[in-house]
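Going down the list, the sequences are from chains A and B.
Each residue of the first sequence is one higher than the last, beginning at 1 in our numbering.
Each residue of the second sequence is one higher than the last, beginning at 1001 in our numbering.
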Amino acid sequence: MQRWAFVLVMVSFLLKIAMASPPGGFPRQLPKANEEATEKLKAAYAAYVQGHYRKAIRLALEVYWEHGDVEAKWFPSWVAKVVKGPIPDPYNQGEVLSRTIKGSFLFTTAIQSTFPSYLLARSYLACGEHKEVEKWLGNLRKLGWEYDGIVRVLTFPHPCGYGEVHSPKNTWHPLPLRFREEDYFILVPLDEACKVLGIPFQLDISPKTKRVRYVFLGKGKLLPGLTQARNIKGEREHLAYAPFEEDGKVWVPFYWLAKQAGIRGWEVRNGKIYVAPKQGTK
Amino acid sequence: MPWGIEENPVIIVGWKAIDGNGNDAGGEFGYTPDGYSFYPVSNPEQVNCYRPSPDFVGILKIAPVLDDIPIGMYSGLPTHDDDRTVGDPWKMTVWEFWITPCPKNWRPVPNTTGPSFIAWVEPETDHLGQPMRGTITFNLISSTEPGECLNNHFACPYDIDIIAGVEVKDFHDHDADLQFPPELEGMVVYGSQEEDEEGPYTHNFTVAVTQQPTTVAEVHILCFDGGGYGFLLAHIDGFPPGSATARRIDTGVIGSVEIPYDADGNFIADVWELNLGIYPADPLGDFDNQPIGDGTFGDGLSVYEEYRGLRVRGTWTVFNPWLKDMFVMNFGAGYYDPVNDRWVEPEIPNEAMTSQDGFPDQGMPLLWLLNANEGETVQQTRQYQDDQGNVHNVLLTGKLVNYLYGYAHVQDVYAAVVVPGSQLLGQNSLAETFGPIWDIDGLPVVEANVEAIKSEAQTWGLNDWIGLTRVIGHELGHTVLWHIDHNPNDTSQAFGGGGGHHVIGQNGRIGQHTIECLMWPYFPASVCPNGFALCLQFDPQWQNHWIFDQGTGRWIPDLTAGWIIFTPAEFCDTNPDCQHLWRLKP
C-alpha cells in the first residue's frame, strides 16, 4: 500500500510538470558558489556518495538557505597528483574542453559539480522521503530542467545504495585502519584495508616504471589515477574519487572498498572508522 | 661516262639514303624553303632536304644518284648511254636522346619508392666512330603540398633529431613530394643544404647527375605525398652533338615527363580517374552522390583531396569521390598509457560509433573513425540560449580533418568529436551535440555523459554497450540532420530553432524526436506504449507502467503486455526516414 502511495505521489507530480513542460534548452547557468558554499557543497557531495545522506542533506540545506541554488565546480585533489602543469579553471567550460581535446587527460570526466536542489533530491530519494523529493524536483523544474533530466534524478542508482542503515550505533565496531581525508572522501591504504576487510588483492607493478599500474581484487580492478574501475564482480564502475599511489602505497576511497566487502553502514567517529555489522543492514 | 671531247651532261637523277649497314634507310627527299616546311619533290634537282624515317636513328649516308644524258652536247649525236651510278655518300649521324614516361598504372603513395625513368642516347657511336657519351642530368620539379596527405605531417627522413636518445624525424611539411634517393648508382644526387639546431642536413634531393659521361642513365624517385605531382626533365651535355633535352618516347615531344601520368593535366593520376569513371576530372569537384541523403552533393572533400587521402587510424586511406565520407573522433577510446605503462579501458568503445546497430547504416554516409592526433585542433566561440533566453558564450574546441591542404581545397572538413563528460551539458542530459558536421553553427562536438547513459541503459534492461551505441548514434545523427527543425513552432530551442536539440513538444510527444528512427527512440528502446514512439510519454496510462522499487530506490518501468517492442535496430526505421534527410554540407 505504501509503495503505491509513493507511485501516485510521484506520478502526479511528474504529470504536472510534464504536461506543463515547455521546450527545453541549454542548461541555465547557476550562480557560482562562493568559497564557503563550495566547500560545503563538496562536503555534501562526498557525504552523499559515501552513503551519509543525512549529512549531505544538512550541508546542502545550509547552502540552499543561505545562497539558494548556487553551483560548485571543482577538480578533485587527485587530479593534481596525476596531471602535470596547471589545471583548467573548472568554471571555464571552453578551457576544460580545450585542454581535454588538446591533451591526454579527460578533464571533462574528472570535473565534479553539484548544487543544492539536485543533491537534496538525490539524497532524499536515497532516504525514501518522497515528499521532499517532490519539493526539490520542483526546484529543478524551475531551473529549467527538462522532463528527461528529472526522470533520471529518480532512476539513477546511488553509489552506496538505497536506504539508511538503522542498526544501533553501539553495535558498530571500529576498524584498526589508518585513513586520511581528501575532498571529504575517506581514503585508506589499500593493503591494510583489504586485510582488515578480508578482500584478496594483488598489485601489478610495471617493470618499466616500478609503479603500481593495476590493482586486482578478485575480478575487480583499480587503476591508480583513474576513476574507471571494475567491482569485485567484474562489472564496470565509476569511482567518485580516484585511487592513487603515493610513496608506494595505494590509497583507495573507503566507501568503495566497504561496498565490495558488503558493508553498508560506516562512519568516522573519534578518529576511527566504525562499521555497522553486516547483519541487520537493509 | 663519255669522253670529254663529245661531252654529254651528267645529272642528278635521284638521291639515296643508306643506313650504317648499307641498307636502304628509308626517309624522304624533298624541298624546304625555310628549314621548317617540307615538300616532297619529284625533281631530284630541286632536292635540298632529307627527312629520315620517324624511327630511324644511327649512321646515315646520303648519296646522289647520277646518270648521263646520252646525247653529245656539241654534235647532238648519241653517245654511250652509261648506267646510273651512285656517288660517294655524305656521312652523318641521326641521333636521339630519349626519356621514358611515367608508367600509366602508377599513382603516388606516401613514403614509398616510385617509378624508374631511363634516358638514353642513340646511336652509341657516331659516324666518325666517336662514342655519343655525355653527362646526363635529371631535374625533378616537384609539388610541395603540406604534409604527406591531408592530415599527417611529412617527416623528413634526412633530418633526424636525437630526443632522449631516440631518433626522431623532423617535420618538413613543405619539402618536395617527389625526390630522388640521396644515393643512386652511378650518379651524384644533389639536395638543398640546410642547418637546424641539430646541425647541417641535406633534403629535397631533386637533381641527379651521372658521375661519368654515358649514353644511358636510370633514376627512380621516392614519393612522400599521396597527392604528389611533378615533372622530370633529362638533359645531356658534352656529347659529340653538344647538348640536348630528352624527347619522350611516348609522345615524341621534347620536354619533361609528368609524374604521375597525367594527360589531362589536373595533377591527378589518370589511372585513378579512369578507374573511377571521372576522367577528366575537375580537381575542385565535390560531387559525391552516394548514399543519396537529401540529395545534396558532396562531402566537403574535393576530388583531389579524396585522391590525396588521409591517415585513418594510422593507415593512409584514399576515398571514393562518389561516396560521402564522414569523420568521427572518440576521445573516450581505450589507449595505452606510456607514462604508467598500462592499457586503459575505453570510456566509450569505438564500436559505439562504428557498430551497424548505431549510426552507420544502409543509406547513411561512410563513417571513418580517426585517431585524435589525426586532426588539427580548432576553436570557435558559439552563443547558446538557455530556456530564459539568456545568451551564453561557449568556447568549443574541435578537430579539422583536411588541415594540410594546398592545391584544390574546397572547404574545411571537421570530424565529429565525441568527448565523455558532463561539464558542457550539465547533469540533466545524457548527451549533447553542439554543432553540425559542417562549419557555421558551431563545431561538431558531442559530449556524452557516459555514466548517465549506462545508468539509463540499465533502467531499460540494456547493457552499457547498446546504450552508448544508441545515444552516440543519435548524437551523430544530429550532426548531419542539423538543418532539420522537427519542431518549427518551438521558438525557444537552444539552437535558435535550428534543430539539433532535445525538445519536448506541446502534445506530449517529443518534438524532433517523433521521427521514428535511431534519432528516436534511442531510449527507451525496448518498450513503448501503442501509438507512441516515445515511451516516457505523458499518457494517463503511463502511471501504470512505472513502479518505485524500494530495493533499489529507483523508478523503473513496469513492463506490461500493453506495451509494444520497439527496438531501433536501424538508424533509420520508419517514415519519415532519416536516410533522405541528412547531408554533409550546409
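Note that beta-carbon positions come from the ideal geometry of N, C-alpha and C, so glycine has one too.
Exercise for review: Measure from the C-beta of residue 1421 of chain B to each C-beta in chain A and report whether the shortest distance is under 7 Å.
Suggested key: Walking along the second sequence from the start, residue 1421 of chain B turns up at place 421. Yes, because at least one Cβ of chain A sits closer than 7 Å to the Cβ of residue 1421 of chain B.
Review point. What residues in the segment 1450-1467 of chain B bring their beta carbon closer than 9 Å to a beta carbon of chain A?
Key: Near chain A, meaning a CB-to-CB distance below 9 Å, the residues of the segment 1450-1467 of chain B are 1450, 1451, 1452, 1454, 1455, 1456, 1458, 1459 and 1464.
Exercise for review: Check residue 1093 of chain B in the structure and name its three-state DSSP category.
Suggested key: Start at 1 with the first residue of the second sequence, and residue 1093 of chain B comes out as number 93. Looking at residue 1093 of chain B - three-state DSSP - the assignment turns out to be strand.
Review point. The beta strand (DSSP E) spanning residue 1316 of chain B covers which residue range?
Key: Residue 1316 of chain B sits at position 316 when you count from the first residue of the second sequence. For residue 1316 of chain B, the enclosing beta strand (DSSP E) begins and ends at 1315-1317.
Exercise for review: Taking the CB atoms as reference points, tell me whether residue 1476 of chain B and residue 1359 of chain B lie closer together than 7 Å.
Suggested key: For the purposes of this step, residue 1476 of chain B is identified with residue 476 of the second sequence, where counting begins at 1. For the purposes of this step, residue 1359 of chain B is identified with residue 359 of the second sequence, where counting begins at 1. A contact, by the Cβ cut-off of 7 Å.
Exercise for review: Would you decide whether residue 1314 of chain B is buried or exposed? Buried here means 16 or more other CB atoms lie within 10 Å of its CB.
Suggested key: If you number the second sequence from 1, residue 1314 of chain B lands on position 314. The residue is exposed, with fewer than 16 neighbouring Cβ atoms inside 10 Å.
**Study point:** residue 122 of chain A - containing alpha helix (DSSP H), residue span
**Key:** Here residue 122 of chain A corresponds to residue number 122 of the first sequence, with the count starting at 1. That run of the alpha helix (DSSP H) goes 116-127.
Practice item. Can you have a look at residue 1084 of chain B and say buried or exposed, based on whether 16 or more other CB atoms are within 10 angstroms of its CB? Key: Position 84 of the second sequence, counted from the first residue, corresponds to residue 1084 of chain B. Answer is exposed; the Cβ neighbour count stays below 16.
**Study point:** Residues that residue 1344 of chain B contacts on chain A, provided the C-beta gap is smaller than 9 Å
**Key:** Numbered from its first residue, the second sequence carries residue 1344 of chain B at position 344. Simply 223, 226 and 228.
Exercise for review: Anything in the segment 154-175 of chain A with a Cβ closer than 9 Å to a Cβ of chain B? List those residues in chain order, please.
Suggested key: So the list reads 154, 155, 156, 157, 158, 161, 162 and 163, given in the order they occur along the chain.
Practice item. May I ask you to verify whether the segment 160-179 of chain A touches the segment 122-131 of chain A, counting CB pairs closer than 8 Å and requiring at least 3? Key: Segment contact: the segment 160-179 of chain A against the segment 122-131 of chain A, three or more CB-CB distances shorter than 8 Å; contact assigned.
Practice item. Count the other CB atoms, across all protein chains shown, that sit within 10 Å of the CB of residue 1068 of chain B; report buried if there are 16 or more and exposed otherwise. Key: Numbered from its first residue, the second sequence carries residue 1068 of chain B at position 68. Residue 1068 of chain B should be labelled buried.
Review point. Roughly how many whole angstroms lie between the Cα atoms of residue 116 of chain A and residue 1580 of chain B?
Key: To locate residue 116 of chain A, count along the first sequence from 1; it is residue 116. To locate residue 1580 of chain B, count along the second sequence from 1; it is residue 580. Those two C-alpha atoms are separated by around 45 Å.
Review point. CB-CB under 7 Å to residue 95 of chain A, same chain, minus the five flanking residues each way: which ones, in chain order?
Key: Residue numbering aside, residue 95 of chain A sits at position 95 when the first sequence is read from its first letter. A distance below 7 Å between beta-carbons, with the five flanking residues on each side excluded, links residue 95 of chain A to the following residues of its chain, in chain order: 88 and 89.
Check your understanding: Taking 7 Å as the CB-CB limit, is residue 1513 of chain B close to chain A?
Key -> As a working note, residue 1513 of chain B is residue 513 in the second sequence. In this prediction, residue 1513 of chain B scores a pLDDT of 42, lower than 50, which makes its location untrustworthy; the coordinate-derived value is nonetheless stated afterwards. For residue 1513 of chain B, no Cβ of chain A is located within less than 7 Å of the residue's own Cβ.
Review point. Does the segment 1233-1243 of chain B come close enough to the segment 1073-1083 of chain B that 3 or more CB-CB pairs lie under 8 Å?
Key: Flag = no, the segment 1073-1083 of chain B and the segment 1233-1243 of chain B do not touch.
Exercise for review: Report back the beta-carbon spacing between residue 1434 of chain B and residue 1396 of chain B to the nearest angstrom; my notes put them in contact at under 8 Å.
Suggested key: As a position in the second sequence, residue 1434 of chain B is number 434, starting the count at 1. As a position in the second sequence, residue 1396 of chain B is number 396, starting the count at 1. With a contact defined as Cβ atoms closer than 8 Å, residue 1434 of chain B and residue 1396 of chain B qualify at about 6 Å.
Check your understanding: With contact counted as at least three CB pairs below 8 Å, one residue from each stretch, are the segment 248-259 of chain A and the segment 181-200 of chain A in contact?
Key -> The answer is yes - the segment 181-200 of chain A touches the segment 248-259 of chain A, with three or more Cβ pairs under 8 Å.
**Study point:** Cβ neighbour criterion (16 or more within 10 Å) applied to residue 171 of chain A
**Key:** The residue given as residue 171 of chain A occupies position 171 in the first sequence. Burial is judged here by how many other beta carbons sit within 10 angstroms of a residue's own beta carbon; residue 171 of chain A has fewer than 16 and is exposed.
Practice item. Identify which residue in B:1419, B:1272 and B:1032 has its Cα closest to the Cα of residue 1048 of chain B. Key: Mapped onto the second sequence, residue 1048 of chain B falls at position 48. The candidate whose alpha carbon is nearest that of residue 1048 of chain B is B:1032.
**Study point:** Exposure of residue 1502 of chain B, with buried meaning 16 or more beta-carbon neighbours within 10 Å
**Key:** By 1-based counting over the second sequence, the position of residue 1502 of chain B is 502. Legend: pLDDT at residue 1502 of chain B = 42, less than 50; position of this residue unreliable, value from coordinates given subsequently. The residue in question, residue 1502 of chain B, is buried, as its Cβ has 16 or more Cβ neighbours within 10 Å.
Practice item. Anything in the segment 248-281 of chain A with a Cβ closer than 8 Å to a Cβ of chain B? List those residues in chain order, please. Key: The segment 248-281 of chain A vs chain B, Cβ under 8 Å: nothing.
Review point. Hey, is residue 1521 of chain B's beta-carbon within less than 7 Å of any beta-carbon in chain A?
Key: The count along the second sequence starts at 1 and reaches residue 1521 of chain B at position 521. Model confidence at residue 1521 of chain B stands at a pLDDT of 49, short of 50, so the residue's coordinates are unreliable and nothing is read from them.
Review point. Could you give the C-beta distance for residue 1430 of chain B and residue 1449 of chain B, rounded to a whole number, given that I count them as a contact under 8 Å?
Key: Translated into the one-based positions of the second sequence, residue 1430 of chain B becomes position 430. Translated into the one-based positions of the second sequence, residue 1449 of chain B becomes position 449. Yes, they are in contact, since the Cβ atoms of residue 1430 of chain B and residue 1449 of chain B sit about 6 Å apart, within 8 Å.
Exercise for review: Give me the Cβ distance between residue 1294 of chain B and residue 1106 of chain B, rounded to the nearest whole Å; I'm assuming they're in contact under 8 Å.
Suggested key: By 1-based counting over the second sequence, the position of residue 1294 of chain B is 294. By 1-based counting over the second sequence, the position of residue 1106 of chain B is 106. About 38 Å separates the two Cβ atoms, so there is no contact after all.
Check your understanding: Do the segment 1099-1115 of chain B and the segment 1204-1213 of chain B touch if we need at least three Cβ pairs shorter than 8 Å?
Key -> No contact exists between the segment 1099-1115 of chain B and the segment 1204-1213 of chain B.
Check your understanding: Does the Cβ-Cβ distance between residue 1346 of chain B and residue 1334 of chain B come in under 7 Å?
Key -> Within the second sequence, residue 1346 of chain B is the residue found at index 346, counting from 1. Within the second sequence, residue 1334 of chain B is the residue found at index 334, counting from 1. Yes, the pair counts as a contact, with Cβ atoms nearer than the cut-off.
Review point. What is the rounded straight-line gap between the Cα of residue 232 of chain A and the Cα of residue 175 of chain A?
Key: For the purposes of this step, residue 232 of chain A is taken as residue 232 along the first sequence, with counting starting at 1. For the purposes of this step, residue 175 of chain A is taken as residue 175 along the first sequence, with counting starting at 1. Each residue's alpha carbon lies about 21 Å from the other.
Check your understanding: If you draw a straight line from the alpha carbon of residue 142 of chain A to that of residue 1418 of chain B, how long is it in whole angstroms?
Key -> If you number the first sequence from 1, residue 142 of chain A lands on position 142. If you number the second sequence from 1, residue 1418 of chain B lands on position 418. It is roughly 30 Å from the alpha-carbon of residue 142 of chain A to the alpha-carbon of residue 1418 of chain B.
Exercise for review: Could you name the residues that DSSP lists as bridge partners for residue 1379 of chain B?
Suggested key: Taking the first residue of the second sequence as 1, we reach residue 1379 of chain B at position 379. In the DSSP output, where bridge partners are listed per residue, residue 1379 of chain B has B:1397.
Review point. Does DSSP put residue 1254 of chain B in a helix, in a strand, or in coil?
Key: If you number the second sequence from 1, residue 1254 of chain B lands on position 254. It is a strand residue.
Review point. In or out: residue 1438 of chain B buried (at least 16 other Cβ within 10 Å) or exposed?
Key: Translated into positions along the second sequence, residue 1438 of chain B becomes position 438. Here residue 1438 of chain B is buried: its Cβ has 16 or more other Cβ atoms, across all protein chains shown, within 10 Å.
Review point. From the beta carbon of residue 1328 of chain B, is the nearest beta carbon of chain A less than 7 Å away?
Key: On the second sequence, residue 1328 of chain B is found 328 positions in, with the first residue counted as 1. When Cβ-Cβ separations below 7 Å define contact, residue 1328 of chain B makes no contact with chain A.
Review point. Exposed or buried, which one is residue 1167 of chain B when buried takes at least 16 other CB atoms within 10 Å?
Key: Against the second sequence, residue 1167 of chain B aligns to sequence position 167. Classification for residue 1167 of chain B: exposed.
Point to revise | Chain-ordered neighbours of residue 93 of chain A on chain B, where CB pairs are closer than 8 Å | key: Reading the first sequence from its first residue, position 93 is the one you call residue 93 of chain A. Residues of chain B passing the Cβ test: 1394, 1395, 1423 and 1424.
Check your understanding: Cβ of residue 1270 of chain B within 7 Å of Cβ of residue 1281 of chain B?
Key -> As a working note, residue 1270 of chain B is residue 270 in the second sequence. As a working note, residue 1281 of chain B is residue 281 in the second sequence. No, these two residues do not count as a Cβ contact at 7 Å.
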